[in-house]
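Residue numbers (this note's numbering), protein chains in the order written: chain Y, 1 to 324; chain D, 1001 to 1505. Ideal Cβ positions, reconstructed from N, Cα and C, are used throughout, including at glycine.
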């Protein structure tokens, strides 16, 4: 193959198509604009946070804090809207500034202390979750009339609804694709994943790029938090526990190498949809426990790890066979 | 002069790495920088590229004093470097690598078409016919090396430092690289060339500077320097008699030794055609051939790194089954692989830990070797192999290449193997350490150990071996013994008719 790194992306797409086929054979009426619209809406927050996660993982890092940041965001928005007269847009701007700075601070620590991202973002995870509890331990409903506007949708033919947040996810993915594949920052991200020491020798400013990567992830987590608050209409500090791991799974099922340096943003999009589709299938089936979703996702992640490993093996074998 | 260095000094924790070194480089010149490991070559280079900051002395480029504080600053000033390990990113395309950090953009987004054009312009004139939009890793190391040079030249354009660029290239690829270097020289670049291969130094350089113990020994025109003199300068003493003594050992009547191992029809499709090999006790068998000819592959089959699909192995007690390295170790085999950095050392462990690694693994992790015993083993080998270190608890990654190689040898010697395979034991290590490793090989086999030595350095192979097997096109093609064993006959065996494939392989 011309580019063996495309293979995982093809595998991702093939699995998605296969899942579609299975759904179609079993539940032909699953294919409606309604299900499609819901697929986008229900997974909007996950998709957006997965965009940030893709960038982090491509760079060879990891961000465990995003689930907590989403929960913090929801609680922050709900509490500020409840206690002040600020317009939601202003609250959103404040929130995005906070989460971006939070991400940037983690990136700064990772760089300055030369600490593994795993540890620093683990600390961030507890910090953000704790901050959410500090604001409120109860579920706080959001009753601002502007939220009604945000929950609006465009009616699609056949009773489907393209919601604002579903549409926003698609926009974010397009932006993510441009950032990763079409900017200098994106090339730097891949370079980081390919070899940090080499990237530095090639003149990359490591500190700046690290801060940008985690700030971007923080921004995406904040945005995802806004979307989640629109989706649920409330803020709750116990929400989205483990979402960071779901996002990582989506990235891996999307064909991105967990050690960084190879992968595609579009693959993550398909990965998120695949996971959503499994959920829809289980809902349609009705008899299966929803925990089957987790089992299937677990198996898919395992399959992709094996596929990546096999590819690495294959590449190495080619090298040993054709050294010249 | 393009580049002038005067009285450059640099110390680390009180140890003088460079002591008032003078060096100069003219435009349109290839200036070789030679010296043993630890002579100060890399320190000098790192001072020039801004990786280190000098303690004293002056550096002037185009008669302007410069003071680079980082590699990118040195690059902007006009000093570019290409390192031994290709320092490009294998997971990016050639074009991405070439334009990295200054991609042409339109409306803030990278313009892929302009990038392709830019990359093509950059590699123009280097004789490369490659698709710049393919991954760098899909090309050979030689091509990657040339891409790295193209990048360095276009970024800096005055001084090009080549730090061991040929270490992992075969003869044909070296020629390809040299053509590029000569072109650049005629374009007026000043090139600093660092290599352990003296042949290459003589082939390419105009002048040679020798460093030893942080001091400059000589700078001389290459044409006016002969090899023996040069080695004497590098070592500070004559090496010749050492090699000669080893050569003389061959002349002795070789006693008939009992057979230790016999391999029949060992092979695996795509790696090496089935071959027979008998190893006698206390015998050194050399394996010669070009890079990629099947040398390493032979060793890997013998040691079970890859399983041989055909053939069988026997020792004095009957058949042995080498299905993996563990089984090979159990049968008394040892293997020091070619790529020391990735397959040999564990850089983050200490010398002691590296030495006891294989021994501990063979005992099983449930029966730890007592610390006192570990210390004794480590100290013993540090002394016997003359491993230069401040102590056994030093990280092996901090040692020089030659000393790392000795630690790996120690690891296998601690196992007390019957049959030891050494793949390129002297690659990337300095001339002095070469001689020591050779002497070690001789000592080992005097003790009855059998060895299989793979090396590209033919003279060395001749000096060390009792018998040499020549590998070509993944086949064992010749066996040389006694008086037939000369570098000349090996070269002829490698170059024998029917090797046209080699050139295109």
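Do we get a CB-CB distance below 8 Å when we pair residue i with the residues of chain Y?
i, result
"residue 1103 of chain D", "yes"
"residue 1090 of chain D", "yes"
"residue 1110 of chain D", "yes"
"residue 1166 of chain D", "no"
"residue 1298 of chain D", "no"
"residue 1100 of chain D", "yes"
"residue 1455 of chain D", "no"
"residue 1084 of chain D", "no"
"residue 1087 of chain D", "yes"
"residue 1310 of chain D", "no"
"residue 1096 of chain D", "yes"
"residue 1145 of chain D", "no"
Report all residues from its chain with a CB closer than 7 Å to the CB of residue i; omit the five preceding and five following residues, and keep chain order.
i, result
"residue 1289 of chain D", "1295, 1470, 1471, 1472 and 1494"
"residue 144 of chain Y", "81 and 88"
"residue 1332 of chain D", "1417, 1418 and 1419"
"residue 1300 of chain D", "1306"
With respect to the alpha helix (DSSP H) encompassing residue i, which residues constitute its N-terminal and C-terminal limits?
i, result
"residue 1163 of chain D", "Unbroken run through residue 1163 of chain D is the beta strand (DSSP E), 1159 to 1163; no alpha helix (DSSP H)."
"residue 194 of chain Y", "184 to 194"
"residue 1076 of chain D", "1071 to 1077"
"residue 1178 of chain D", "1171 to 1186"
"residue 207 of chain Y", "206 to 232"
"residue 146 of chain Y", "145 to 150"
"residue 1371 of chain D", "1371 to 1384"
"residue 41 of chain Y", "33 to 42"
Please report the residue range of the beta strand (DSSP E) in which residue i lies.
i, result
"residue 1006 of chain D", "1003 to 1012"
"residue 1221 of chain D", "1215 to 1221"
"residue 1313 of chain D", "1310 to 1315"
"residue 1319 of chain D", "1318 to 1320"
"residue 1280 of chain D", "1272 to 1280"
"residue 153 of chain Y", "153 to 156"
"residue 111 of chain Y", "Looking at the DSSP string, residue 111 of chain Y is not in any beta strand (DSSP E); the run it does join, the alpha helix (DSSP H), is 88 to 112."
"residue 1030 of chain D", "1029 to 1034"
Buried or exposed: which applies to residue i, given that a residue is buried once 16 or more other Cβ atoms fall within 10 Å of its Cβ?
i, result
"residue 1460 of chain D", "buried"
"residue 1175 of chain D", "exposed"
"residue 1371 of chain D", "exposed"
"residue 259 of chain Y", "exposed"
"residue 1053 of chain D", "exposed"
"residue 333 of chain Y", "In the structure displayed, chain Y extends from 1 to 324; residue 333 of chain Y sits before or after that span and is not available."
"residue 133 of chain Y", "exposed"
"residue 1179 of chain D", "exposed"
"residue 1092 of chain D", "buried"
"residue 1319 of chain D", "exposed"
Quick check on residue i - is its C-beta less than 8 Å from some C-beta in chain D?
i, result
"residue 261 of chain Y", "yes"
"residue 372 of chain Y", "Examination of residue 372 of chain Y is not possible in this model, given that chain Y is present from 1 through 324 alone."
"residue 8 of chain Y", "no"
"residue 203 of chain Y", "yes"
"residue 190 of chain Y", "yes"
"residue 208 of chain Y", "no"
"residue 199 of chain Y", "yes"
"residue 256 of chain Y", "no"
"residue 61 of chain Y", "no"
"residue 101 of chain Y", "no"
"residue 193 of chain Y", "yes"
"residue 184 of chain Y", "yes"
"residue 240 of chain Y", "no"
"residue 178 of chain Y", "yes"
What residues in its chain sit with their C-beta under 6 Å from that of residue i, if we drop five residues either side in the sequence?
i, result
"residue 1476 of chain D", "1275 and 1469"
"residue 1352 of chain D", "1374, 1378 and 1392"
"residue 73 of chain Y", "95, 222 and 225"
"residue 16 of chain Y", "270 and 274"
Identify, in the order they occur along the chain, each residue of the same chain with its Cβ nearer than 8 Å to the Cβ of residue i, setting aside the five sequence neighbours on each side.
i, result
"residue 207 of chain Y", "108, 111 and 112"
"residue 1534 of chain D", "Outside the shown range of chain D, which is 1001 to 1505, sits residue 1534 of chain D, and nothing can be said about it."
"residue 141 of chain Y", "78, 233 and 234"
Worksheet item: Does the count of Cβ pairs from the stretch 1274 to 1290 of chain D and the stretch 1440 to 1457 of chain D closer than 8 Å reach three?
Response: yes
Worksheet item: So, do the stretch 280 to 290 of chain Y and the stretch 67 to 81 of chain Y have three or more beta carbon pairs nearer to each other than 8 Å?
Response: no
Worksheet item: Counting pairs of Cβ atoms below 8 Å between the stretch 1103 to 1122 of chain D and the stretch 171 to 184 of chain Y, do you hit three or more?
Response: yes
Item to complete: May I ask you to list, following chain order, the residues of the stretch 1063 to 1079 of chain D that have a beta carbon less than 8 Å from some beta carbon of chain A?
Response: Any reference to chain A falls outside this structure, whose protein chains are Y and D.
Practice prompt. Would you check if there are 3 or more beta carbon pairs closer than 8 Å linking the stretch 249 to 263 of chain Y to the stretch 299 to 316 of chain Y?
Written response: Because the criterion of three Cβ pairs below 8 Å is met, the stretch 249 to 263 of chain Y and the stretch 299 to 316 of chain Y touch.
Practice prompt. Flag this pair as touching only if the stretch 1120 to 1132 of chain D and the stretch 1160 to 1173 of chain D have three or more C-beta atom pairs under 8 Å; answer yes or no.
Written response: no
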